[in-house]
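Structure first, commentary second.
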């Protein structure tokens, strides 16, 4: 009974993870500009990867693997947003404003004033 | 803060040693017991820890929410390509000054509902954080939302931490700087 329950848990986690990865990939294809794509790449992927890692951790059973996965997830959550922010900033500084689909851009206003 | 965490970790090492049972579970139990003991001796430590945990849970919840929202958005653009998105970059004024807390705020913003921090900058003489958002309806409301949801929570944690440093009566001399 217990193992059946864990099986279902693993299945659910893996499915959710894969679905979020898929949505993230679709988002990168379909969304209009760099920033919105970055949303897809930076966030859906975070949750997708954590779900997959958790599923793997439970699948390989014993404590050490599970905690290794938890550590990986924690590291991922610390590094992913910083990477995303850095890329967004690089994109903003090197790209042309006309390429971005922005209805409001207070950053450009500020830089013009400066 | 760090000192109490270290004491707490020592207590969590002590527990398995006294029990003669070396496992992760025992270590965890030890940590929990150490936390309870420390929280009784030092109220502000307990409060800080609980509030930090609550903040963490809130962030996890927000991440989940953000992903569902984003999934909805992406599916929306696939099934009805005419959908109108209004992305925008908004300057959010910062009250937080501590570099670590700013990093925390920027990271949390990047991880949560439809928002992405882009850069730090100056505007009207104060520091601001430029935040990109997928669907912007009202910049002022958006600014307020960010401040209420995240910055105030981090500020609250900051105050609790300051509390802990100030009221060091119970653990004696080391608190007052006597070596």
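Protein chains in written order, with our numbering: chain A, 380 to 493; chain B, 477 to 655.
Quick reminder that beta carbons are idealized off the backbone N, C-alpha and C, glycines included.
All values derive from a computational prediction rather than experimental measurement.
**OP:** Answer yes or no: does any C-beta atom of chain B fall closer than 8 Å to that of residue 380 of chain A?
**Re:** Because residue 380 of chain A carries a pLDDT of 49, less than 50, the predicted location of this residue cannot be relied on, and the following value inherits that uncertainty. By this cut-off, residue 380 of chain A is not an interface position.
Based on the DSSP output, what are the partners of residue 409 of chain A in its beta bridges?
The secondary-structure analysis by DSSP pairs residue 409 of chain A with nothing; it has no beta-bridge partner.
Within 8 Å of any Cβ in chain A, is that where the Cβ of residue 586 of chain B sits? It does; some Cβ of chain A falls within 8 Å.
Less than 8 Å between the C-beta atoms of residue 660 of chain B and residue 566 of chain B, yes or no?
This structure gives no information on residue 660 of chain B, because the portion of chain B shown stretches from 477 to 655.
- Message: Beta-carbon within less than 7 Å of residue 385 of chain A's beta-carbon, same chain only, minus the 5 sequence neighbours each way: which residues are those?
- Response: 437
Can you find a CB in chain A that lies within less than 8 Å of the CB of residue 500 of chain B?
For residue 500 of chain B, the nearest CB of chain A lies under 8 Å from its own CB, placing it at the interface with that chain.
Check your understanding: Taking Cβ-Cβ distances shorter than 8 Å, what residues in chain B pair up with residue 409 of chain A?
Key -> 550, 553, 554
### Task
Decide yes or no for the touch test of the region 541-554 of chain B against the region 499-508 of chain B: beta carbon pairs closer than 8 Å, at least 3 of them.
no
For the alpha helix (DSSP H) containing residue 586 of chain B, name the first residue and the last one. 575-587
**Asked** Hey, is residue 455 of chain A's beta-carbon within less than 8 Å of any beta-carbon in chain B?
**Response** no
### Query
Does residue 522 of chain B have its Cβ less than 8 Å from a Cβ in chain A?
Not closer than 8 Å to any Cβ of chain A, the Cβ of residue 522 of chain B fails to qualify, so no.
* C-beta atoms of residue 514 of chain B and residue 491 of chain B nearer than 8 Å -> No.
Below 8 Å CB to CB, which residues in the same chain sit around residue 448 of chain A once its five sequence neighbours on both sides are set aside? 432, 433, 435, 436
Please go through the region 388-474 of chain A and give each complete beta strand (DSSP E) segment of 3 or more residues, from N-terminal end onward. none
My understanding is that residue 563 of chain B touches residue 594 of chain B, with C-beta atoms under 8 Å, so please give their C-beta distance in whole angstroms.
-> Going by Cβ atoms, the distance from residue 563 of chain B to residue 594 of chain B rounds to 11 Å, so no, they are not a contact pair.
How would you write the range of the beta strand (DSSP E) that residue 597 of chain B sits in, first residue to last? Where residue 597 of chain B is concerned, the enclosing beta strand (DSSP E) stretches over 591-599.
query: What is the DSSP secondary structure of residue 386 of chain A, reduced to helix, strand or coil?
result: helix
Open item on the list: Nearest by alpha-carbon distance to residue 389 of chain A: which of A:450, A:430, A:444 is it?
Closed with: A:430
Quick check: the Cα distance between residue 459 of chain A and residue 632 of chain B, rounded to an integer number of angstroms? 25 Å
**Other residues of its chain near residue 450 of chain A: CB distance less than 7 Å, five sequence neighbours each side excluded** = none
inquiry  = According to DSSP, is residue 602 of chain B part of a helix, a strand, or is it coil?
reply    = strand
Determine, for residue 590 of chain B, whether the minimum Cβ-Cβ distance to residues of chain A falls below 8 Å. yes
Query raised in the report: Cα separation between residue 452 of chain A and residue 586 of chain B?
Result: 16 Å
Handout entry: Beta-carbon proximity check, residue 399 of chain A vs residue 423 of chain A, cutoff 8 Å
Key = yes
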